[in-house]
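Reading through the structure tokens given below for one structure.
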Amino acid sequence: MIHPIDYRYGSKEMRDIFDEEKKLEYQLRVEAALADALADLNKIPKSAAVEIKQKANTDFVKLERVKEIEKETKHDVMALVMALTEVCGSSGKYVHLTATSYDIVDTAQALQIREAMKILLAKGSELLRTCLTVSEKYENLVMVGRTHGQHATPITLGFKFANYADKLGEDLKRLKEDERYICGKFSGAVGNYAAQKIYGLGDELEKKIMENLGIRPADISTQVVPRENLARIISDITILACTVEQMAKEVRNLQRTEIFELSEPFGEKQVGSSAMAHKRNPVNAENICSNVRVIRSCVYPALENIALEHERDLTNSACERSVLPTVFILTDEILTRMNKILSNIMVFPESMKKNLGLTKGAIMAESVMTELVKKGMGRQEAHEILRQSSLKALSAGSGLKEILLQNKEITKYLNKSEIEDAMNYNNYIGLSVEKTERMIQKWKDAEL
2 MIHPIDYRYG SKEMRDIFDE EKKLEYQLRV EAALADALAD LNKIPKSAAV EIKQKANTDF
62 VKLERVKEIE KETKHDVMAL VMALTEVCGS SGKYVHLTAT SYDIVDTAQA LQIREAMKIL
122 LAKGSELLRT CLTVSEKYEN LVMVGRTHGQ HATPITLGFK FANYADKLGE DLKRLKEDER
182 YICGKFSGAV GNYAAQKIYG LGDELEKKIM ENLGIRPADI STQVVPRENL ARIISDITIL
242 ACTVEQMAKE VRNLQRTEIF ELSEPFGEKQ VGSSAMAHKR NPVNAENICS NVRVIRSCVY
302 PALENIALEH ERDLTNSACE RSVLPTVFIL TDEILTRMNK ILSNIMVFPE SMKKNLGLTK
362 GAIMAESVMT ELVKKGMGRQ EAHEILRQSS LKALSAGSGL KEILLQNKEI TKYLNKSEIE
422 DAMNYNNYIG LSVEKTERMI QKWKDAEL
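Just add 1 to wherever you are in the sequence shown, counting from 1, and you've got my numbering.
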């Protein structure tokens, strides 16, 4: 084994879908569906279809034999066809009748994608539920909000994760809708059903095959199904991956020693560094961010594959062999890791409380400004007074409250008690709790 997705990343369930022998099984299943449909339409003997269906599996058609033939033919699908023909005796003459290679490849690939999507949607839904649990548990835990890497105004930890939950939910909803882009085709060499027409057929053969396999046929195709379909699916999976990355980056940042508000779980015997025994590195969050870079890189070739020449060329083939398993297996991996992190997330309220006070009240400048405007001061005037007062407090190393109490322009509108109320972190979280509860309600019973 060479590539990490062969042994390091993704669940066995997901890796098995893209296994070489499993891919052969999917293609043989399509050949069986073709024979079955031809027999139903009275174009080949029923007995031939029965034998082809019986032999169209890896118990009879061995991967090793297909590879032997491919070395001679230099054509993977023809090698499969010849290997299946060999084991079907006199019925072999009906194998692959009316088909072109990508009738088999694209339809089998649709079967792969359908199964892989089910796994992503299931794991994504599990992560969403975990995220909602964190949101609900910490909906009232006040922490500092940050913009541009700087302390802004207070929010709650639940509100932070409610934002992620809503993004995850929308990503999964879009991915579920993308199931309509999973389609096969059986329209022949250039998509015009010419071979079928010789047998007195239109597109009813295609419809029967797809009905048998439980997928829908493309509305129209060339030699291949439209690559826009794959590009949309891969793009939407990547958007989901980027949402997971955003969550992982937040855990990484909040686990910094000088912040230390959150931490991913750390095993009793886990080692952070071979040299620095004290280290607790956010390795799972970092792994997620690293693998999402690879997932994101797969969008470009998927978009490049849209503009195939004429009724198709072969430039999509090689890169799709890499791109599809990479996107699905690595997304499977990051969903598993993120769920593991959130299921056992470590939260440090004391650090949050300490960090809220680092600016000595300066983060509450907007709150005081709003109270001043309510009492009659002009908004811009209040903003300038608070701006200057905040700068003065920060440069003097004193609290903003002390500076404000010395400012007669402010005390003319607000007394000491009102200033203290305006500077209470718990009084300035807005709709953090209400919005969190709305997101929990929005997604807790959603069917994805």
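The beta carbon of each residue, even a glycine, is placed where N, CA and C say it ideally should be.
Just so it is clear, the structure is predicted and the values come from calculations on it, not from any experiment.
Do you know whose CA, among the options, lies nearest residue i's CA?
i: Pro-227; options: Asp-107, Pro-350, Asp-77 and Gln-55; result: Asp-107
i: Lys-376; options: Ala-397, Glu-410 and Leu-112; result: Glu-410
i: Lys-250; options: Lys-209, Arg-294, Asp-220 and Leu-315; result: Arg-294
i: Val-145; options: Glu-262, Glu-421, Val-62 and Val-434; result: Glu-262
i: Ile-307; options: Glu-321, Glu-229, Lys-355 and Gly-93; result: Glu-229
i: Thr-223; options: Glu-310, Gln-28 and Ala-366; result: Glu-310
i: Lys-161; options: Ile-289, Trp-444, Leu-112 and Met-440; result: Met-440
i: Arg-175; options: Ser-390, Lys-138, Ala-242 and Pro-283; result: Ala-242
i: Lys-138; options: Gly-150, Thr-148, Asn-340 and Leu-158; result: Leu-158
i: Leu-214; options: Glu-140, Lys-186, Ala-123 and Lys-68; result: Lys-186
i: Glu-65; options: Leu-112, Thr-101 and Glu-21; result: Glu-21
i: Pro-350; options: Ile-335, Ser-264 and Phe-329; result: Ser-264
i: Ile-425; options: Val-143, Val-82 and Leu-112; result: Per the sequence presented here, residue 425 reads as Asn, with Ile not at that position. The residue with the shortest Cα to Cα distance from Asn-425 is Val-143.
i: Arg-338; options: Ile-420, Ser-318 and Lys-124; result: Lys-124
i: Met-248; options: Glu-180, Ala-163 and Leu-387; result: Ala-163
i: Gly-201; options: Lys-44, Gly-150 and Tyr-27; result: Lys-44
i: Asn-141; options: His-76, Glu-26, Glu-435 and Gly-398; result: Glu-435
i: Thr-101; options: Trp-444, Leu-42, Pro-46 and Val-191; result: Val-191
i: His-97; options: Ala-33, Glu-312 and Ile-238; result: Ala-33
i: Ser-15; options: Thr-332, Asn-416, Lys-355 and Lys-354; result: Note that residue 15 is Met in the sequence shown, not Ser. The shortest Cα separation from Met-15 among Thr-332, Asn-416, Lys-355 and Lys-354 belongs to Thr-332.
i: Leu-42; options: Met-353, Lys-208, Ile-105 and Ile-296; result: Lys-208
i: Leu-133; options: Lys-355, Glu-205, Asn-340 and Ala-423; result: Asn-340
i: Glu-305; options: Asp-237, Leu-231, Leu-373 and Ile-335; result: Leu-231
Here's the rule I'm using: 16 or more other beta-carbon atoms within 10 Å means buried, otherwise exposed. How should residue i be labelled?
i: Ala-276; result: Below a pLDDT of 50, predicted positions are generally treated as unreliable, and Ala-276, at 47, falls in that range; the measurement from the model is reported next regardless. Burial call: exposed.
i: Ile-497; result: Absent from the model: residue 497. The displayed extent of the chain is 2 to 449, so no value can be given.
i: Leu-392; result: exposed
i: Tyr-301; result: exposed
i: Asp-17; result: exposed
i: Lys-24; result: buried
i: Arg-380; result: exposed
i: Ser-418; result: exposed
i: Arg-253; result: buried
i: Gln-442; result: exposed
i: Glu-321; result: buried
i: Ile-221; result: exposed
i: Ala-383; result: buried
i: Ser-274; result: In this predicted model, Ser-274 has a pLDDT of only 46, less than 50, meaning its place in the structure is not dependable enough to derive any value.
i: Asp-179; result: buried
i: Leu-112; result: buried
i: Ala-278; result: Its pLDDT being 45, under 50, Ala-278 is placed unreliably by the model, and the measurement read from it follows with that caveat. Exposed: under 16 other Cβ atoms inside 10 Å.
i: Thr-244; result: buried
i: Gln-389; result: exposed
i: Gly-189; result: buried
i: Asn-416; result: exposed
Tell whether a beta-carbon distance below 7 Å holds between residue i and residue j.
i: Tyr-182; j: Arg-217; result: no
i: Ala-303; j: Ile-235; result: yes
i: Ser-126; j: Thr-437; result: no
i: Gly-358; j: Leu-401; result: no
i: Tyr-414; j: Met-378; result: yes
i: Leu-343; j: Thr-131; result: yes
i: Leu-121; j: Leu-169; result: no
i: Asp-314; j: Ile-240; result: no
i: Leu-35; j: Val-62; result: no
i: Cys-453; j: Glu-246; result: This structure cannot speak to residue 453, because the chain is shown only from 2 to 449.
i: Ala-196; j: Thr-59; result: no
i: Pro-283; j: Asn-345; result: no
i: His-152; j: Thr-360; result: yes
i: Ile-210; j: Ala-38; result: yes
i: Ile-70; j: Ala-57; result: no
i: Glu-367; j: Thr-154; result: yes
i: Val-31; j: Ala-109; result: yes
i: Gly-11; j: Ile-330; result: yes
i: Leu-395; j: Lys-177; result: no
i: Ser-450; j: Ile-260; result: Here the chain comprises residues numbered 2 to 449, so residue 450 is not present and cannot be evaluated.
i: Tyr-95; j: Ala-49; result: yes
i: Val-88; j: Ile-105; result: no
Relative to the ligand FMN, is the shortest distance from any of its heavy atoms to the C-beta of residue i smaller than 6 Å?
i: Ala-38; result: The ligand FMN is absent from the structure shown, which contains no ligands of any kind.
*Would you check if the region 53-61 and the region 6-16 touch, i.e. whether three or more CB-CB distances between them fall below 8 Å?*
no
_Every unbroken beta strand (DSSP E) within the region 141-176, with a cutoff of 3 residues, ordered by chain_ = 143-148 and 151-157
*Which parts of the region 46-118 are runs of the alpha helix (DSSP H), unbroken and 4 residues or longer, counting only runs that do not cross its ends?*
47-56, 64-74 and 77-88
*Ranges of the alpha helix (DSSP H) found wholly within the region 181-249, counting only runs of at least 4*: 195-199 and 205-214
*Are the region 324-334 and the region 115-126 in contact at 8 Å, needing three or more beta carbon pairs?*
yes
_At 4 residues or longer, what runs of the alpha helix (DSSP H) sit wholly inside the region 308-373?_
318-344 and 350-357
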